[in-house]
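Protein sequences, first through last, are from chains L and Y. Start counting the first sequence at 1; every next residue gets the next number (the working numbering). Start counting the second sequence at 136; every next residue gets the next number (the working numbering). Built from N, CA and C at the ideal position, the CB exists for glycine as well.
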Amino acid sequence: PPPPSNTVVPPSLPPYFIKGSIIQLADGELKRVEDLKTEDFIQSAEISSELKIDSSTVERIEGSHTSPNFAVVQFSVGEHRAQVSVEVLVEYPFFVFGQGWSSCCPDRTTQLLELPCTKLSVGDVCISLTLKNLR
Amino acid sequence: VPVFPWHSLVPFLAPTQSD
């Protein structure tokens with residue numbers, strides 16, 4: 001049977017998404033959050049002994065029933081296409097493979113965080129993480 | 136200036152129960 005749908009609620013908007021935030025890659029290199037590229041995440045995961053990158057495809061985006069400030073994004077995660085729903089602030093950025101930061105409401109993301117952002121859409125493939133020793 | 140590790144920017148989306 002398919003795995004159960006999980007709903008994860010991340011904390012409110014974290015400070016590291018603000019433009020200019022300094023991010024340390026796995027090899028020690030420092031980059032600004034707005035300068036991160038797909039390769040930075042892939043190479044960091046390759047170095048990491050604990051983490052691996054999964055592809056998470058956006059399958060559906062809905063408004064939240066609890067608050068207009070939130071959206072529910074349904075992902076199909078990894079090779080097993082596990083269904084996972086995440087309730088996030090509409091301005092919460094996800095990193096899309098080959099594209100960069102994207103959110104349900106990029107105008108709000110740019111306004112609140114000054115982070116350049118595109119519109120997150122169904123079919124986008126986002127970077128997500130898994131523990132290597134999970135299975 | 137705070138420095139954040141790269142993995143804090145990436146969500147863990149894998150379900151807790153697999154297969």
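In whole angstroms, what separates the C-alpha of L102 of chain L from that of C117 of chain L? The residue asked about is misnamed: residue 102 of chain L is Ser in this sequence, not Leu. Those two C-alpha atoms are separated by around 5 Å.
Identify whether A71 of chain L lies in helix, strand or coil by the three-state DSSP scheme. strand
Helix, strand or coil: how does DSSP classify Q43 of chain L here? helix
Any contact of the segment 49-56 of chain L with the segment 106-121 of chain L, i.e. 3+ C-beta pairs under 8 Å? no
Cβ-Cβ distance between W141 of chain Y and I23 of chain L below 8 Å: yes
Is there a C-beta anywhere in chain Y that falls below 8 Å from the one on L115 of chain L? no
Buried/exposed call for P4 of chain L, threshold 16 Cβ in 10 Å: Because P4 of chain L sits at a pLDDT of 47, beneath the cut-off of 50, its placement in the model cannot be relied upon, and the point is left open.
Between Q83 of chain L and D35 of chain L, what straight-line distance do the alpha-carbon atoms span, to the nearest angstrom? The alpha-carbon atoms of Q83 of chain L and D35 of chain L are separated by roughly 30 Å.
CB P150 of chain Y to CB V77 of chain L, shorter than 8 Å? Inclusion of P150 of chain Y and V77 of chain L in the CB contact set at 8 Å is warranted, their separation being smaller than that value.
For my contact list, V86 of chain L and L144 of chain Y are in at a C-beta cut-off of 8 Å; report their separation, rounded to the angstrom. With a Cβ gap of about 15 Å, V86 of chain L and L144 of chain Y do not count as contacting.
Taking L112 of chain L as the reference, give the member of L:T130, L:V122, L:P93 with the closest Cα. L:P93
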